[in-house]
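Heads up: the sequence shown is residues 18 to 226, going by my numbering.
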Amino acid sequence: MKRVLLLAGMSAFLFASCVSNPEGEKAETTEAAEATSADGTELAVNTAASSVEWHGKKVSGEHKGDVQIKEGTLTVKDGKLTGGKIVIDLNTINDKDLEGEFKGKLEGHLKSEDFFDVANHPEATLEITDVKDGADAGTIVVSANLTIRGITKNITFNANVAEATDTSFKGTADFNIEREDWNVSYAGKPDDLISKQINFKITLEAAAI
Numbered sequence: 018m019k020r021v022l023l024l025a026g027m028s029a030f031l032f033a034s035c036v037s038n039p040e041g042e043k044a045e046t047t048e049a050a051e052a053t054s055a056d057g058t059e060l061a062v063n064t065a066a067s068s069v070e071w072h073g074k075k076v077s078g079e080h081k082g083d084v085q086i087k088e089g090t091l092t093v094k095d096g097k098l099t100g101g102k103i104v105i106d107l108n109t110i111n112d113k114d115l116e117g118e119f120k121g122k123l124e125g126h127l128k129s130e131d132f133f134d135v136a137n138h139p140e141a142t143l144e145i146t147d148v149k150d151g152a153d154a155g156t157i158v159v160s161a162n163l164t165i166r167g168i169t170k171n172i173t174f175n176a177n178v179a180e181a182t183d184t185s186f187k188g189t190a191d192f193n194i195e196r197e198d199w200n201v202s203y204a205g206k207p208d209d210l211i212s213k214q215i216n217f218k219i220t221l222e223a224a225a226i
């Protein structure tokens, strides 16, 4: 019996060590920060031109997809992003690499209590709390409160800005989060464990209201 338990433990360790995280820089995560009113001109996020893409991995493969932005605003002052908030509709979780029954099963599982518990928490939000200049031209460092499953944590990540004026904004961000920080803790099957990090690629376009 001890030998069986030892082998089982070794197998679990080996499978866990085989799970690589999606490519991307991990966002720094801290407790929620106060979000204050930002100075500047408020722009409306163009939800049709904006996107949130996700990427998760497991021992046997990976899945990629997207989720729709329901609404959002960004604030710009003197050519710099100063604030903003987007609301993400988790009922629109979409997988891009499966079809038919398998696609439906995965999307249903992602919406279940094992992952995002969409029935009880249909929306996620990202609200900017601070913006600093980045190391290179056209880059910024954004801190924002990310709320998933009713849990709010502050994350800090790098972003690229292509355009920022009183009438328009275009920018992108690419970062990973540690999903267990938001109680998205389903580990996967013992022989097919899921990576603890999720990658998000966010593209935002906004225009004057």
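Note that CB positions come from ideal geometry on N, CA and C, so glycine has one too.
For clarity, every value in this text was computed on a predicted model and none was experimentally measured.
| request: May I have the straight-line CA-CA distance separating alanine 223 from proline 207, to the nearest angstrom? | output: 44 Å
| isoleucine 86 beta carbon less than 7 Å from that of isoleucine 110 | no
| query | Assuming alanine 204 and isoleucine 211 make a contact with CB atoms under 8 Å, what is their CB distance in whole Å? | reply | 6 Å
| query | Closest by CA to leucine 98, which one among Ala55, Glu116, Gln214, Asp106? | reply | Ala55
| By how many angstroms is the C-alpha of asparagine 216 removed from the C-alpha of glycine 41? | 6 Å
| Runs of beta strand (DSSP E) wholly within the region 72-148 (minimum 3 residues, chain order) | 78-94, 97-112
| query | So the beta strand (DSSP E) isoleucine 165 belongs to, where does it begin and stop? | reply | 156-165
| request: Have a look at the DSSP bridge pairing and note the partners of alanine 224. | output: Ala61, Ser185
| query | For phenylalanine 132, does the count of other Cβ atoms within 10 angstroms reach 16, so buried, or fall short, so exposed? | reply | buried
| query | Which value, in whole angstroms, describes the spacing of the CA atoms of lysine 213 and histidine 80? | reply | 14 Å
| Are phenylalanine 186 and valine 93 touching if we call contact CB-CB under 7 Å? | yes
| query | Would you call alanine 44 buried or exposed, if buried means 16 or more other Cβ atoms sit within 10 Å of its Cβ? | reply | buried
| field | Own chain residues within Cβ distance below 8 Å of alanine 225, not counting five before or after | value | Thr58, Leu60, Ala61, Asp183, Thr184, Ser185
| said: Along the chain, where does the beta strand (DSSP E) containing glutamate 197 start, and where does it finish? | reply: Neither: glutamate 197 is in no beta strand (DSSP E) and is coded neither H nor E.
| To the nearest angstrom, how far is it from the Cα of glutamate 140 to the Cα of valine 201? | 14 Å
| query | Pairing CB atoms from the region 144-160 with CB atoms from the region 118-135, are three or more of them under 8 Å? | reply | no
| field | Counterpart residues of serine 68 in DSSP-defined beta bridges | value | Thr220
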